[in-house]
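Chains as they are written, first to last, in the working numbering: chain A, 1 to 449; chain B, 450 to 898.
Structure (C-alpha cells):
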C-alpha cells in the first residue's frame with residue numbers, strides 16, 4: 001500500500017537510492033567503467049555478509065531487528081532522473097553509471113536470520129548475493145536499518161526479561177529522531193514491549209497505543225481534582241491518572257475520590273519509585289482501591305526494572321533508555337565482501353581483510369545451531385557449502401531475484417522473539433555485565449572430522 | 450518544494466500530525482470537550498517552553514540544532530481524513546475532536562534561540578504560544594527533532610574544536626536510522642564538520658559530499674594495485690586511497706607508484722592511528738609525495754582527536770561517535786507548560802510542577818546574555834516582561850501566526866555556530882569532563898534592584 005499526500009513545506013521521498021554513502025557510488029562508477037558491475041548475472045558474482053564482531057560491552061546476546069523494514073526499502077532502492085542528474089552534476093558518477101542507475105533495482109538474493117532471532121559475535125545475520133554493483137550500493141541502507149533497530153530490540157529484550165510478567169509501554173519517541181521514533185516503537189514491540197505511546201507506529205504497524213495525560217494537563221486545570229475529573233469524564237474510570245504533579249499522596253486521594261475504586265491505574269513519574277510505589281499501594285488499599293494498578297515511569301532501564309522487582313508495581317513506561325539502546329544506541333554490524341568472481345562466469349574466490357584489529361573471515365558462510373532439550377548450546381558456520389550432519393540452518397531466504405519472499409506480520413515476529421529468548425539459559429538472560437553466551441566460529445566439516 | 454514519487458512497497462507521508470504520543474491527543478480531546486482547547490485565540494492562552502535541566506554529564510556547553518528541520522514540520526502538522534478516522538476508531542478521540550483535527554494547523558507563535566546557538570542548563574531555547582490545544586499537540590515533534598539534532602551538534606562541535614584546522618568528514622549514517630542519518634549529517638555540518646558521506650544530505654541540504662572506496666573495492670580486484678589503478682582512472686590522482694586492506698606500508702608504496710606524487714591522500718582505518726600516521730608521513734615523504742595528505746578514520750571522537758593533535762594527520766573521518774552523540778545520543782530537553790489562562794480572555798497564570806527531583810520554574814521566560822569583550826559571561830532570564838537595562842535578548846521570532854518567519858540557510862547557521870563557539874573561553878571549550886560553563890537562572894529586575 002502506498003499512501004502519499006502533499007502538504008506545503010516538507011520534502012519526502014520514498015525512493016531509497018540516495019540513502020547511501022558517496023563511496024558506494026564512486027566504487028560502482030569504477031566497476032561500471034571496467035565492466036565488473038554487471039558481470040556474471042547468471043552465477044552471482046559477489047557475496048556480502050552482515051555480522052557483528054562483538055556485542056556491546058557486557059551484553060550476553062543480541063536480538064536482530066529491522067528486517068521487516070529493510071526488505072521493502074531494498075525493493076525501493078531506485079533513483080529517479082533528477083537524482084541521477086544530481087549525482088552527475090556533483091561528480092559522483094559518469095555517463096555510463098548514470099545509464100546504469102536510471103533503471104537500477106536490486107535483482108539479487110538475500111538470506112537472513114529471521115527478524116527477532118538471537119545473534120552473537122560472528123553470526124552471519126544477513127547475506128547478499130548478486131552482481132558486484134548491485135550488492136555494493138546496499139551497504140549503508142542495510143547497515144542503517146539493522147544497526148538502529150537491532151540496538152533498540154537488543155536493549156528492549158533485556159528490559160522485557162527483567163520485567164517478567166509486568167507489561168512495558170514504549171514511550172521514548174521524544175528522545176530520538178522523529179522517524180527513528182516509529183522504528184523504535186516497532187523494535188521494542190517485537191522484543192516484547194506491550195504497547196507504545198507513538199501514534200504513527202500504531203497506525204503503520206498495528207502496535208497497541210496507550211497514553212493518558214501529562215503534567216501539563218493537571219497544571220492547565222484550576223486544580224488537580226478538576227484535571228482528574230476532566231480526564232475521567234473523557235476516558236472513563238479505567239484510565240491512568242498521573243498523581244505526582246504536586247504531592248503524590250494527595251494526588252492518589254484525589255484520584256480515588258474522583259474515579260472511585262474502579263480507577264484503572266495511577267502513574268508515578270518522579271521520586272524514589274520503589275518507596276513511592278510501596279506507599280501508593282498501601283494508600284490505594286486503604287482507600288478501597290485494591291485493584292487500581294501502579295504504573296512507574298522516569299528513566300527506567302533493565303537495571304532499574306530489575307531493582308524494582310519487589311516493589312508493588314504493575315507496569316512500566318520506558319522512554320529514553322529504550323530509544324537510545326540503553327547505553328548502546330547502535331549495533332556494530334558491518335557489511336563485508338566475503339567472496340567475488342574475477343571474471344564473467346568465473347568461480348567465486350574467498351576474500352578477507354588483513355587490517356590490524358579488523359581481521360575478517362572470508363567465504364560465504366552458512367550458519368547452524370544445535371539445541372539440547374530446547375536449549376541453544378552451539379552456533380557455528382561453514383564456508384564450503386557441504387552440509388554438516390548436525391545442527392539446524394539459521395538463515396532463511398528473504399529476497400529472491402529482487403522480490404521479497406519473507407514478510408511475517410509483527411505479531412509473528414514478536415512470538416518468534418519470545419520463543420528465541422526461551423532457548424537461552426537463565427545465566428545468559430541476566431542483565432548483569434557478562435560475556436557473550438556464544439561466539440560463532442568456522443567449523444567446516446573436513447576440519448573437525 | 451514538494452517532491453513525491455510512488456514506488457512499490459514503502460509507505461511515506463509528509464504530514465507530521467501522527468508523529469506524536471497518544472496522550473497529547475487524549476488531553477486535547479478532553480480540552481475540546483470542555484471548551485478549553487480553542488479559548489482565548491486573541492490573547493494566547495498557553496505558553497510552553499523547551500529547556501534542558503542539565504547538560505550531558507561532563508559537558509560544558511550544548512549547541513542547539515534542529516530548528517531548520519522543525520519549523521517546516523510544524524507547518525506540516527496536519528491530519529488527513531483517514532488519519533482522523535483511524536484516531537476515532539482507536540478510541541483516541543471523539544467526534545468533536547475529529548472535527549477539530551480535520552482542519553487543524555498550528556496558528557500560534559514560536560520564538561527560539563537561533564539554530565547553532567549555545568545553550569546551558571535552564572536556557573529557554575524555544576517558546577510556543579497559542580491556544581492550549583494547538584500547543585499541547587506539538588510536544589513530541591518538537592522534542593524529537595531538537596533532542597536528536599542537538600545531541601549530534603553538541604558532540605560534533607566538541608570534535609570540531611578538538612580538530613582545530615583539520616577538516617572532519619561525517620560518515621556515521623550507517624550507525625543510525627536511515628532518516629536520522631540525514632539529520633545527523635546536517636547537524637554535524639552546521640556544527641563545523643567539513644563534509645559528509647551521506648548523499649541524501651548532500652542533495653537535500655547542499656552539504657559537500659565526499660567518499661572514495663571501501664575495503665571491498667580493494668578485495669574485489671585481483672590485487673591492491675589493480676584496485677588503486679581503477680580508482681585513480683575513475684577519480685583522478687587527487688583521490689584518497691584506502692591503504693590498510695592488507696599491509697599499510699605496502700599499500701602506501703603501491704598507492705604512490707600508481708598515482709604518483711600528486712596522490713591526494715591516503716586513508717588509514719585501523720591500528721594505532723598516531724603510530725601509523727607517523728610512519729605513513731615518513732614513508733610518503735621518502736617516496737617523494739610530501740603533499741599527499743593523511744586521513745585517519747576508525748572510532749574517532751573528540752577525545753581520540755585531541756590525543757592525535759600531534760600526529761601528522763591532515764583530516765579525520767568520524768562515524769559512529771558523532772551519529773550517537775559521543776556517548777549522549779539524546780539531549781534531555783523537555784517541553785513544559787509554564788503559563789495558562791483559566792478563562793476565555795483571562796490573564797495568564799504561572800504554573801509549575803512540584804514533583805520531587807523535577808521541579809520547574811514557571812512563567813514565560815525571556816533570556817538575555819551579557820558579554821565582556823566578546824566573551825559570553827552571563828545568561829539569565831526574566832519572567833515578568835519588564836526589559837532589563839543590560840544584556841542582549843537571545844530568542845528570535847521563528848513562527849508568527851503559524852507561518853515560518855525565520856529560515857536562514859545552512860551556511861549562515863554554520864557561520865553563526867562558529868561565531869557562538871568563539872564567545873566561549875578556552876576552559877569552556879575543553880573536552881575534559883567539567884561542569885556547565887553557565888547555569889541560566891531567573892533574575893527579574895525587581896528582585897535584583
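Ideal Cβ placement from N, Cα and C applies to all residues, glycine included.
Contacts around residue i, its chain only, beta-carbon distance under 7 Å, and the 5 residues preceding and following it disregarded
i	result
residue 529 of chain B	464
residue 441 of chain A	122, 380
residue 883 of chain B	507, 509
residue 537 of chain B	547
residue 105 of chain A	77, 78, 402
Beta carbon proximity, residue i to chain B, threshold 8 Å
i	result
residue 125 of chain A	no
residue 90 of chain A	yes
residue 159 of chain A	no
residue 348 of chain A	no
residue 210 of chain A	yes
residue 46 of chain A	yes
Sub-8 Å separation of residue i and residue j beta-carbons
i	j	result
residue 55 of chain A	residue 62 of chain A	yes
residue 421 of chain A	residue 437 of chain A	no
residue 242 of chain A	residue 215 of chain A	yes
residue 597 of chain B	residue 515 of chain B	yes
residue 574 of chain B	residue 557 of chain B	no
residue 21 of chain A	residue 646 of chain B	yes
residue 520 of chain B	residue 595 of chain B	no
residue 227 of chain A	residue 217 of chain A	yes
residue 541 of chain B	residue 475 of chain B	yes
residue 305 of chain A	residue 159 of chain A	yes
residue 601 of chain B	residue 795 of chain B	no
Euclidean distance between Cα positions of residue i and residue j
i	j	result
residue 893 of chain B	residue 812 of chain B	11 Å
residue 718 of chain B	residue 587 of chain B	43 Å
residue 703 of chain B	residue 657 of chain B	29 Å
residue 290 of chain A	residue 281 of chain A	8 Å
residue 332 of chain A	residue 53 of chain A	7 Å
residue 518 of chain A	residue 191 of chain A	There is simply no residue 518 of chain A to check, as chain A begins at 1 and stops at 449 in what is shown.
residue 264 of chain A	residue 240 of chain A	6 Å
residue 839 of chain B	residue 182 of chain A	45 Å
residue 402 of chain A	residue 118 of chain A	26 Å
residue 154 of chain A	residue 879 of chain B	34 Å
residue 633 of chain B	residue 627 of chain B	10 Å
residue 35 of chain A	residue 432 of chain A	53 Å
residue 213 of chain A	residue 591 of chain B	18 Å
Beta carbon proximity, residue i to chain A, threshold 8 Å
i	result
residue 858 of chain B	no
residue 893 of chain B	no
residue 648 of chain B	yes
residue 752 of chain B	no
residue 510 of chain B	no
residue 489 of chain B	Residue placement at residue 489 of chain B cannot be trusted, given a pLDDT of 46 that sits under 50; what the coordinates show is reported in the next sentence. For residue 489 of chain B, the answer is no, since every Cβ of chain A falls outside 8 Å of its Cβ.
residue 668 of chain B	yes
residue 664 of chain B	yes
residue 706 of chain B	no
residue 603 of chain B	no
residue 651 of chain B	yes
residue 716 of chain B	no
residue 479 of chain B	yes
Nonlocal neighbours in the same chain, by C-beta distance under 6 Å from residue i, ignoring five residues either side
i	result
residue 616 of chain B	643, 764
residue 287 of chain A	256
residue 261 of chain A	288, 289
residue 45 of chain A	39, 131, 132, 341
Within chain E, the residues that residue i reaches when beta carbons sit closer than 9 Å
i	result
residue 297 of chain A	Absent from the structure is chain E; the protein chains it does hold are A and B.
Sequence-distant residues of the same chain with beta carbon closer than 8 Å to residue i, five excluded per side
i	result
residue 339 of chain A	46, 47, 348, 349, 350, 351, 362, 363, 364
Original post:
Just by C-beta distance, which residues in the stretch 674-694 of chain B are closer than 8 Å to chain A?
Top reply: 679, 680, 682, 683, 684, 693, 694
Subject >> Residues within the stretch 614-641 of chain B neighbouring chain A, beta-carbon criterion of under 9 Å >> reply: 620, 621, 622, 623, 624, 625, 626, 627, 628, 629, 630, 631, 632, 633
**OP:** Check distances from the C-beta atoms of the stretch 278-291 of chain A to those of chain B and list, in chain order, the residues that come in under 8 Å.
**Re:** none
Original post:
Along the stretch 117-148 of chain A, what residues have a CB closer than 8 Å to any CB found in chain B?
Top reply: 132, 136, 139, 140, 141, 143, 144, 145, 147, 148
Original post:
Along the stretch 841-865 of chain B, what residues have a CB closer than 9 Å to any CB found in chain A?
Top reply: 853
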